[in-house]
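Residue numbers (my numbering): 3 to 287. Some notes on the structure that comes next.
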């Protein structure tokens, strides 16, 4: 089997040529799973040159379909041969068949310039947006009283950063206020200790992480775009300013919220080694 692919906006168009049978099913599955792991969650298969489809091939298609459902993607087979169409109808998997390409699929595929730059963009949801919902009022060097602390939950649709503690009560939190970051139901927390190691809370089943928050900037909603960046000969590394400028251009927005996951060098920062909860009269007790 031969697979050719090209990207059209958020869609990956794959031309499958040959037989999708037991001899090729594992290869087909591995190739498509790799695309999915790389963030391509809307797959269209052009089956115009797929000569044969066996039960092993249908199982491979089903695995891809289930994986895309898990990540809220989409799966479509177009231009199928008569044999493939009849096979899918007979096995009741004809819901995968489509007469035409998706209406919102761009006609032009991603060009070589995007490949050379190492930057790729994927539109996840053009209706998605984030809303700023909380900004707590504690100011640096201000004594902390209970009215300034708020217990906040961080479900999967919330993005936040601030100063807080995972302690159960405010009194327990006084010695433990440190910086934290919350993304997709996962909270990473830096205890206010000179040799302290980051700790974390992860959403699991019915459990939703909570923090006693002293300072907080929080957004609720859904990310609309995914940006992937990889080093190339022309661009061996990316400065944060380059990534942010590109995000603003790509989204067409004046303000954005973003999360970056990557390997970083040359970033100098600091973190709290004393909890603001122990401040008395503008000084540490």
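All residues carry an ideal CB built from backbone N, CA and C; glycine is no exception.
- Distance from the Cα of residue 206 is smallest, within the candidate group 255, 182, 156 and 196, for 156.
- Taking residue 103 as the centre and dropping the five residues before and after it, the same chain places the C-beta of 46 and 80 closer than 7 Å to its C-beta, in chain order.
- If you draw a straight line from the Cα of residue 97 to the Cα of residue 264, it comes to about 38 Å.
- Annotation for residue 244: the continuous alpha helix (DSSP H) segment containing it runs 242-253.
- For residue 123, DSSP records a beta bridge to 229.
- The Cβ neighbour count for residue 174, taken over all protein chains shown within 10 Å, is under 16; the residue is labelled exposed.
- Within the region 71-110, the runs of beta strand (DSSP E) that reach at least 3 residues and sit entirely inside it are, in chain order, 76-80.
- Here residue 257 carries a coil assignment [DSSP, helix/strand/coil].
- Every alpha helix (DSSP H) stretch that sits fully inside the region 156-236 and reaches 4 residues is listed by chain position as 172-175.
- Under the three-state reduction of DSSP, residue 141 is assigned to coil, being neither helix nor strand.
- Judged by DSSP secondary structure, residue 47 falls within the beta strand (DSSP E) whose first and last residues are 44-55.
- The beta-bridge partner set that DSSP reports for residue 152 consists of 215.
- Rounded to the nearest whole angstrom, the C-alpha separation of residue 42 and residue 62 is 17 Å.
- Beta bridge pairing from DSSP links residue 134 with 221.
- Between the C-alpha atoms of residue 165 and residue 4 there is a straight-line separation of about 53 Å.
- In the three-state reduction of the DSSP assignment, residue 61 falls in the helix class, which pools H, G and I.
- Residue 215 sits buried, since 16 or more C-beta atoms from the chains shown fall within 10 Å of its C-beta.
- Contact between the region 84-92 and the region 51-58 is present: three or more C-beta pairs spanning the two stretches fall below 8 Å.
- Boundaries for residue 276: no beta strand (DSSP E) harbours it, and the DSSP string shows neither H nor E there.
- In this structure, residue 213 lies away from residue 259, with their beta-carbon atoms at least 9 Å apart.
- In the DSSP assignment, residue 22 falls within the beta strand (DSSP E) that extends over 13-22.
- Collapsing the DSSP output to three states places residue 8 in a strand.
- Going by C-alpha positions, residue 181 is about 19 Å away from residue 134.
- The Cβ atoms of residue 7 and residue 108 lie no closer than 9 Å to each other.
- Of the candidates 154, 158 and 163, 154 places its Cα closest to the Cα of residue 170.
- Of all C-beta pairs linking the region 247-255 to the region 224-231, three or more are shorter than 8 Å, placing the two stretches in contact.
- In this structure the region 137-150 does not lie against the region 119-126, because fewer than three pairs of beta carbons, one per stretch, are closer than 8 Å.
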